[in-house]
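Protein chains in written order, with the working numbering: chain P, 7 to 292; chain C, 7 to 292.
As structure tokens, then:
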């Protein structure tokens with residue numbers, strides 16, 4: 007099943023057997039004080055620089071989150087979207103928990119964006135899905151609900167089914183839904199890694215939709231996070247994840263390796279090309 | 007299901023939920039001319055040094071293969087085994103296609119070794135399994151047979167079932183069998199990576215035995231082999247592999263990361279300890 011998203015001029019396809027689609031996570035002020043301060047002041051220069059750096063590092067799409075204490079998202083999110091559509095020609099992932107900001111951002115967008123995210127909570131389903139439908143967007147379905155974080159693969163599956171059913175009932179085609187299997191910190195819950203991987207396999211098998219994982223969450227609180235993230239994303243890609251939200255510059259070599267292992271890189275063209283680029287300009291992340 | 011092997015003084019347990027057991031692959035002259043020449047001259051000094059280096063790098067067991075053109079394995083393999091039992095206190099994996107050399111090596115061994123390997127070929131089953139039974143060893147069952155390399159997961163499963171049935175019929179307990187799911191070069195067969203991973207999952211589910219993969223084969227012919235091997239072994243461990251044959255110094259950080267992801271490293275004790283060792287002595291592989 008292929009999920010298509012687009013900027014004004016570029017289409018990106020997420021799908022089985024295709025190279026894993028990388029969504030750059032760096033435009034997000036969570037845990038980044040300087041970016042939060044800039045956003046609070048309405049200054050989008052750091053956003054512009056992060057966008058260029060991630061495009062250069064090989065991002066296929068960019069997540070855009072401007073949510074921080076003191077930021078007026080309803081005004082700033084559409085501004086950031088407008089800016090980014092002029093800076094990089096990549097589809098955007100509109101990341102907000104504020105439905106009014108989401109509506110404004112969808113309005114400002116040219117092309118078919120990805121909405122991040124709808125959850126299994128009734129309030130979220132009722133608010134976000136109509137916007138997704140009206141604007142013809144694609145949407146990330148995050149497997150949490152009123153009960154909070156899912157405790158195992160079973161709960162993840164149940165919420166995924168609920169989100170897909172509600173979206174389809176509203177006329178959103180199944181191929182426009184990506185399920186985020188909700189990776190959690192393995193330091194806090196040692197069983198969550200395998201639970202997510204089982205959920206990835208079963209969502210693919212039972213629902214057929216594309217599956218996304220956020221590759222940076224698993225390593226929260228641990229040293230050498232890149233090592234841990236790489237191990238997790240390799241396993242997630244081999245289990246069937248077709249899209250990652252990640253720090254692209256750091257994870258891309260491991261993603262290309264996992265794509266080759268999982269048969270998504272015929273003739274190893276992308277793997278070898280990235281290797282050659284690292285050889286010729288070792289400081290540039292490929 | 008726990009597989010127990012031992013040297014004279016040390017027991018190693020391979021099993022579900024336990025840390026992945028690492029078998030050092032470096033005592034093997036395949037593709038290593040200097041080692042092949044030394045073995046041909048009966049000189050075991052390089053073997054001794056490789057054993058110490060791998061033990062230092064964190065190997066749980068050592069594979070011992072002295073097979074090269076011009077080497078008398080029947081004489082040299084038991085000599086190497088005797089030497090190694092004095093040099094390192096790790097269980098050994100006796101790696102030979104020569105049944106007479108295997109018998110001599112089993113005779114020279116003190117403890118319970120691992121035999122590498124029996125295949126699904128009638129000749130191998132009939133020759134190797136009686137030796138395994140007589141010496142009370144554990145054995146690696148390699149999923150190839152008269153038809154050659156397995157083409158998919160299905161064929162791997164069929165051969166694994168055959169090996170386990172034959173071994174059990176001969177009185178070898180199931181817990182003394184590790185199935186090697188036969189990783190192949192992804193450069194030659196892009197589908198083989200996922201086929202091996204599916205076989206790992208199904209062998210664990212259908213037969214319950216421990217599963218081993220040789221982590222270095224997948225990257226044959228590719229650049230940056232360590233990157234590719236790490237991606238593959240992370241996925242293999244998360245799929246249920248409990249034992250790896252690998253270049254321990256190169257893969258150990260990725261293995262500890264995958265063990266943490268897959269719930270085999272409670273409180274992240276081993277992961278954090280290895281990280282600290284890398285920080286204090288960065289040139290020493292941990």
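Just so you know, even glycine gets a beta-carbon here, dropped at the ideal spot from N, CA and C.
Inclusion of residue 241 (chain C) and residue 203 (chain C) in the CB contact set at 8 Å is warranted, their separation being smaller than that value. The beta carbons of residue 274 (chain C) and residue 243 (chain C) sit no closer together than 8 Å. Per DSSP, residue 202 (chain P) is one residue of the alpha helix (DSSP H) stretching across 198-213. Along the segment 193-226 of chain P, going in chain order, the ones with a CB nearer than 8 Å to a CB of chain C are 193, 196, 197, 199, 200, 203 and 224.
Proximity to residue 142 (chain C) across C:180, C:169, C:232 and C:148 peaks at C:180, based on C-alpha coordinates. Residue 63 (chain C) sits close to residue 255 (chain C), with the two beta carbons spaced by under 8 Å.
Closest in alpha carbon position to residue 278 (chain C), among P:280, P:72 and P:233, is P:233. Listed along the chain, the chain P residues whose CB falls inside 7 Å of the CB of residue 269 (chain C) are 196, 197, 199 and 200. Secondary structure in the segment 99-166 of chain P: the alpha helix (DSSP H) runs of 4 residues or longer, each lying completely within the stretch, are 105-114 and 128-141 in chain order.
Fewer than three beta-carbon pairs drawn from the segment 158-166 of chain C and the segment 113-120 of chain C are found closer than 8 Å, and the two stretches are therefore not classed as touching. Per the Cβ contact rule, the segment 189-196 of chain C is in contact with the segment 220-229 of chain C (3 or more Cβ pairs under 8 Å). For the pair residue 14 (chain C) and residue 245 (chain P), the Cα-to-Cα distance works out to about 40 Å. Using a Cβ-Cβ cut-off of 8 Å, residue 281 (chain P) is close to 229 and 230 of chain C, given in chain order. Selection P:42, P:238 and P:133 evaluated against residue 79 (chain P) yields P:42 as nearest (Cα-Cα). Interface residue (Cβ-Cβ distance to chain C less than 8 Å): residue 108 (chain P) is not classified as such.
Per the C-alpha coordinates, the member of P:200, P:121 and P:46 positioned closest to residue 270 (chain C) is P:200. Here the alpha carbon of residue 46 (chain C) sits roughly 13 Å from the alpha carbon of residue 85 (chain C). Within the same chain, 176 come within 8 Å of residue 136 (chain C) by CB-CB distance, once the 5 residues on both sides are set aside. When only Cα atoms are considered, residue 128 (chain C) and residue 151 (chain C) end up about 8 Å apart. Its chain contains 245 and 246 as the residues whose beta carbon lies nearer than 8 Å to that of residue 207 (chain C), once the 5 sequence neighbours on both sides are disregarded; these appear in chain order. Exposure of residue 17 (chain P) is indicated by the presence of fewer than 16 other C-beta atoms within 10 angstroms of its C-beta. In the same chain as residue 67 (chain P), and ignoring 5 residues on each side of it, the C-beta atoms closer than 8 Å to its own belong to 11, 18, 27, 28, 29, 30, 96, 97, 98, 99 and 120, in chain order.
Straight across, the Cα-Cα distance linking residue 187 (chain C) with residue 154 (chain C) is about 14 Å. Chain-ordered, the chain C residues with CB closer than 8 Å to the CB of residue 236 (chain P) read 236, 237, 240, 260 and 263. Residues of chain P whose Cβ lies closer than 7 Å to the Cβ of residue 274 (chain C) are, in chain order, 193 and 228. What residue 251 (chain C) touches in chain P, judged by beta-carbon distance under 9 Å, is nothing: the nearest beta carbon there is about 17 Å away. By DSSP's assignment, residue 12 (chain P) forms a beta bridge with P:17 and P:118. Put simply, the backbone Cα of residue 91 (chain C) is about 15 Å away from that of residue 65 (chain C). Scanning the segment 64-94 of chain C from its first residue to its last, the whole beta strand (DSSP E) runs of 3-plus residues come out as 67-70.
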